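Accompanying notes for the structure given below.
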Amino acid sequence: MKFNKICVLGLGYIGLPTASTFATSGLKVIGVDVNPSIVKGLQNGELHIYEPGLRTLVQAAIISNKLEISEQPQEADAFIIAVPTPFYGEKKADLSYVISAAEAILPHLRAGNLVVLESTSPPRTTIDILVPILEKSGLKAGVDFYVAYSPERVLPGQILRELIENARVIGGINPESAQAGHDLYKIFVKGKIITTTATTAEMVKLMENTYRDVNIAIANEFSRLAERFGVDVWEAIQIANLHPRVNILKPGPGVGGHCISVDPWFFVEAAPDLTPLIHTARQVNDSQPHFVVNKLETILNGLEGKTITVFGLAYKPDVDDLRESPAIEIVQLLSEKGAIVKAYEPFKPDYPLKHGSMVKTLEEALLGTDALALLVGHQQLRDLDPQDIQSKTECRILLDTVNGWDCAAWSEAGFDTYQLGVSRCD
Ligand code: SAJ
152 MKFNKICVLG LGYIGLPTAS TFATSGLKVI GVDVNPSIVK GLQNGELHIY
202 EPGLRTLVQA AIISNKLEIS EQPQEADAFI IAVPTPFYGE KKADLSYVIS
252 AAEAILPHLR AGNLVVLEST SPPRTTIDIL VPILEKSGLK AGVDFYVAYS
302 PERVLPGQIL RELIENARVI GGINPESAQA GHDLYKIFVK GKIITTTATT
352 AEMVKLMENT YRDVNIAIAN EFSRLAERFG VDVWEAIQIA NLHPRVNILK
402 PGPGVGGHCI SVDPWFFVEA APDLTPLIHT ARQVNDSQPH FVVNKLETIL
452 NGLEGKTITV FGLAYKPDVD DLRESPAIEI VQLLSEKGAI VKAYEPFKPD
502 YPLKHGSMVK TLEEALLGTD ALALLVGHQQ LRDLDPQDIQ SKTECRILLD
552 TVNGWDCAAW SEAGFDTYQL GVSRCD
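Sequence positions in the sequence shown follow my numbering and run 152 to 577.
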């Protein structure tokens, strides 16, 4: 199948890089978003998200007139849906954006078109939800037009490279649909393209993130066990990982982001009777911020009235993305227990933090505080020099939740140094 013009619905972390990459590969792309301020910003070359290299790519695509930003879809050869699938408080997938996007395509759908869903979705969403909406056009899916599911699998911070280099899974509602999807993505994908069924592709995506979540949960549980038994979990993991068939992930303050902390719930919601392990892993990771707060409470002998400076709010190192961040939850839990929280997040100094105050400089962060807590291993935070910090603050207590600081060096600089997964560093 040949493609000259495509429409990408949803211009977030996945849709915008995808639209821009297709455009710089020579296709005419209509990038669609329902948020007028995002559309307006992009039309003026302003991005609402940060991803290394993305600004340059988007601007190049717009200047070449290959990428047009609009609030409305248009007729095209293919439509890609890359809208969010958040979940409600009850841990139920919210498919309303997928449904609205499919309905927005409907008036423009023509025989011979391809529609691809990229949004992470519960198993069977493509065939049970997307196809029936598109068939309201009077056209028959798989016969008159093609439908595929192709999950994005890129790592925030490395999206532009991984979009092109990663293997790509394309699940069709029938083999012809999978082939059409293959023809579309081969325009820029350099990794292997694997075709399969739509529901298999949906499951693959959820399985990958669930696998990672369960493995992080076991690392977090090991950190608790290590503290109980007076062991340094980081050392124990390093030794265990010398075994050729063992690869334990890293414990931390919890699992955040919009993917790993969400996707396993799609399985639990769809089949609660079959997912006790997945459910428990989610609960372990969700309780990790509480574990960190309890640890701080013990170290400080109570939190009421104590000032705590947290370093990092992002959901993981070296990104500006704060979605579902365990660090934000830790701030909230600390303030609920009466602590006064100052947060230093070099990637988002203006973040409107609800339960504490943002500080913009290291000096402010270090002033009049009772404890320092490293919550995110941003490289620039890991690089802080204990001797330098010691000279700038009266504070002498710190907790490192990510193994980002050299315990011995900080202890030598005069700090009472605590680490997640270690009873106490000396
Ligand atoms: N984390 C740990 N310990 C670890 C690894 C991660 O606590 O050893 C935490 C991180 O700090 C973060 C969370 O887990 O809070 C998730 O981070 P991540 O780097 O594992 O993953 P994401 O959410 O940034 O991206 C994942 C990736 N999936 C897999 O690696 C299987 C990515 O490839 C997916 O495209 C992405 O989810 C997605 O969009 O689904």
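By construction, the Cβ of each residue, glycine as well, lies at the ideal position given by its N, Cα and C atoms. Note that the coordinates shown come from a computational prediction; the quantities given were computed from them, not determined experimentally.
One question on the structure: do residue i and residue j come within less than 7 Å of each other, judged by their Cβ atoms?
{"i": "Leu-473", "j": "Val-444", "result": "no"}
{"i": "Ala-494", "j": "Val-461", "result": "yes"}
{"i": "Ser-270", "j": "Val-234", "result": "yes"}
{"i": "Leu-451", "j": "Ala-560", "result": "no"}
{"i": "His-529", "j": "Gly-463", "result": "yes"}
{"i": "Gly-405", "j": "Asn-436", "result": "yes"}
{"i": "Pro-440", "j": "Ile-481", "result": "yes"}
{"i": "Ala-292", "j": "Ile-324", "result": "yes"}
{"i": "Pro-307", "j": "Val-470", "result": "yes"}
{"i": "Ser-574", "j": "Glu-378", "result": "yes"}
{"i": "Asp-414", "j": "Leu-357", "result": "yes"}
{"i": "Ser-328", "j": "Val-298", "result": "yes"}
{"i": "Ile-278", "j": "Ala-349", "result": "yes"}
{"i": "Asp-228", "j": "Asn-155", "result": "yes"}
{"i": "Ile-390", "j": "Ala-370", "result": "no"}
{"i": "Pro-273", "j": "Ala-368", "result": "no"}
{"i": "Glu-455", "j": "Gly-489", "result": "yes"}
{"i": "Ile-232", "j": "Leu-268", "result": "yes"}
{"i": "Gln-570", "j": "Asp-557", "result": "no"}
{"i": "Gly-555", "j": "Val-384", "result": "no"}
{"i": "Glu-241", "j": "Ile-310", "result": "no"}
{"i": "Ser-486", "j": "Gly-507", "result": "yes"}
{"i": "Val-190", "j": "Leu-160", "result": "no"}
{"i": "Thr-346", "j": "Ile-321", "result": "yes"}
{"i": "Pro-258", "j": "Cys-158", "result": "no"}
{"i": "Asp-364", "j": "Ala-465", "result": "no"}
{"i": "Glu-313", "j": "Val-305", "result": "yes"}
{"i": "Ala-524", "j": "Ile-479", "result": "no"}
{"i": "Ala-174", "j": "Ala-212", "result": "yes"}
{"i": "Asp-567", "j": "Ile-548", "result": "yes"}
{"i": "Val-185", "j": "Phe-230", "result": "no"}
{"i": "Pro-497", "j": "Gln-531", "result": "yes"}
From the DSSP output, which residues share a beta bridge with residue i?
{"i": "Gly-463", "result": "Answer by DSSP bridge pairing: none, since Gly-463 is not bridged."}
{"i": "Ser-221", "result": "Val-183"}
{"i": "Ser-508", "result": "Lys-493"}
{"i": "Ile-321", "result": "Thr-346"}
{"i": "Leu-160", "result": "Val-183, Ile-232"}
{"i": "Thr-277", "result": "According to DSSP, Thr-277 bridges with nothing at all."}
{"i": "Leu-550", "result": "Ala-524, Tyr-569"}
{"i": "Tyr-297", "result": "Leu-265"}
{"i": "Thr-458", "result": "Ile-491"}
{"i": "Ala-292", "result": "Phe-296"}
{"i": "Phe-173", "result": "None; Phe-173 has no bridge partner."}
{"i": "Phe-238", "result": "Ala-244"}
Using beta carbons (cut-off 7 Å, strictly below), is residue i in contact with chain C?
{"i": "Ala-370", "result": "Of the protein chains in this structure there is only one, and it is not chain C."}
For the ligand HEM, I want to know if residue i counts as a neighbour, meaning its beta carbon is within less than 6 Å of at least one of the ligand's heavy atoms.
{"i": "Tyr-466", "result": "Summarising the ligand content, the structure contains the ligand SAJ and does not contain the ligand HEM."}
Segment contact flag, the region 168–187 with the region 216–227, C-beta cutoff 8 Å, min 3 pairs: yes
Three or more C-beta pairs below 8 Å linking the region 511–519 and the region 529–548: yes
Given 8 Å, three or more beta-carbon pairs between the region 249–256 and the region 410–428: no
Within the region 348–391, ranges of the alpha helix (DSSP H) (whole runs, at least 4 residues): 349–380, 384–391
Ranges of the beta strand (DSSP E) found wholly within the region 406–462, counting only runs of at least 3: 458–462
Inter-stretch contact at 8 Å, needing at least 3 Cβ pairs: the region 172–189 / the region 328–344: yes
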